[in-house]
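Trainee: Going left to right, the sequence shown walks through residues 335 to 591 as the numbering used here numbers them.
For every residue, glycine included, the Cβ atom is placed at its ideal position computed from N, Cα and C.
A single structure is presented below for examination.
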Amino acid sequence: MIVIAHLSDIHVDDSPRSRERTRATMRFLDSLAYDFDAVIVTGDLADNGAESEYAWIRENVLTTRHPVLTCPGNHDRRDVFRRVLLGAEPPAPEAPVNQVLRRDGFVLALCDSSVPGKDEGFLEDETLAWLEEELARTPEGTPVFVGFHHPPTTLGMPYVDGLRQFGEDRLAALTRRHPSVTAFLCGHSHTAAATTFADRPLLVAPGVVSTSKLPWEQTGGPTDYVYRDEMAPSLAFHLLSEDGRLTTHYRSVPLGG
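Given below as structure tokens:
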């Protein structure tokens, strides 16, 4: 079986709070006597896009024993992300950061849905062309997970839905050409969610730094968006069994220790 650990929205800044919640999540993963096939972080790694934030992430997140793949979110800066986390200079400062992991039995493609200077998401033509190439070179029958930061559909959360991934019809059309796409993985909403997009599962990781309130939980009014310390950091585990069944488990992370 294939197991992917899925984190999102760690929002590391210079505060002890964000760093401890991220550190606790990585400590939890590393304490498990299991070698995950991949650990992914779907965006908003740094809160301000600062080099010092990415340096901390490089030393405290990318050092896990598991293969790690990341993609930018709307709080990230593409040029600093690429230079500090990937050790590469961008072909252009604002070029999208797309990465692929090819392992025995599956492919994981993380697309950059960030739009520099904006909070909403969009997959650039360059990114869609890259994804199409990666899908075309994948052997028939190999499951492919496609990830990004912004969900390409609404989740019933008005604030998040206004900042989702737009232009999603282009991604849906691409998906119809490639039956190997098994599921979409994303973050951005800071809440665990599961729905569908383009007739595939769309699995949303909860936030590490905080948890978004659902509309019926916003007791303080429409701007009462977030649980901060009331809820522990959380993550998702995506399990693809040998018979092709995809199951997602969500887990809260113990703080302290």
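Between His400 and Leu519, which are expected to be in contact by the criterion C-beta below 8 Å, what is the C-beta distance as a whole number of angstroms?
Mentor: Incorrect: roughly 16 Å between the Cβ atoms, too far for contact.
Trainee: Counting only the same chain and skipping the five closest in sequence on each side, list residues whose C-beta sits under 8 Å from that of Asn394.
Mentor: Answer for Asn394: Arg353, Thr356, Arg357, Met360, listed in chain order.
Trainee: In or out: Arg579 buried (at least 16 other Cβ within 10 Å) or exposed?
Mentor: It is exposed - the Cβ of Arg579 has fewer than 16 other Cβ atoms within 10 Å.
Trainee: Would you mind listing the alpha helix (DSSP H) stretches within the stretch 372-411 that are 4+ residues and don't spill past its ends, in chain order?
Mentor: Whole alpha helix (DSSP H) segments, 4+ residues: 385-394.
Trainee: Considering just the uninterrupted stretch of the alpha helix (DSSP H) at Tyr493, what are its terminal residues?
Mentor: Per DSSP, Tyr493 belongs to the alpha helix (DSSP H) from 492-495.
Trainee: Which residue spans inside the stretch 530-559 form an unbroken beta strand (DSSP E) run of at least 3?
Mentor: Fully enclosed beta strand (DSSP E) runs of 3 or longer: 534-538.
Trainee: Are the CB atoms of Val418 and Ala463 within a distance shorter than 8 Å?
Mentor: No, the Cβ-Cβ distance between Ala463 and Val418 is not below 8 Å.
Trainee: Between which two residues does the alpha helix (DSSP H) carrying Thr582 extend?
Mentor: That residue, Thr582, is in no alpha helix (DSSP H); its beta strand (DSSP E) goes 580-586.
Trainee: Looking at the secondary structure, which residues open and close the alpha helix (DSSP H) in which Thr476 lies?
Mentor: Where Thr476 is concerned, there is no enclosing alpha helix (DSSP H), given that its DSSP letter is neither H nor E.
Trainee: To the nearest angstrom, how far is it from the Cα of Gly377 to the Cα of Pro556?
Mentor: Gly377 and Pro556: Cα-Cα distance of roughly 25 Å.
Trainee: Taking C-alpha atoms, which residue in Leu537, His522, Glu423, His512 lies nearest to Ser546?
Mentor: For Ser546, the nearest C-alpha among the options comes from His522.
Trainee: Based on the DSSP secondary-structure assignment, which residues constitute the bridge partners of Ser568?
Mentor: Answer is Ser586.
Trainee: Let's test the definition: count the other Cβ atoms within 10 Å of the Cβ of Leu489 and tell me whether it reaches 16, buried, or not, exposed.
Mentor: The residue in question, Leu489, is buried, as its Cβ has 16 or more Cβ neighbours within 10 Å.
Trainee: I'd like to know whether the C-beta atoms of Asn586 and Ala566 end up nearer to each other than 8 Å.
Mentor: The residue you asked about is not Asn; residue 586 is Ser in the sequence shown. Contact flag set, yes.
Trainee: What's the gap between the Cα of Pro450 and the Cα of Glu502?
Mentor: Rounded to whole angstroms, Pro450 to Glu502 spans 18 Å at the Cα level.
Trainee: Sort Ala367, Arg510, Val542, Met491 by Cα distance to Tyr559 and report the nearest one.
Mentor: That would be Met491, whose Cα lies nearest to the Cα of Tyr559.
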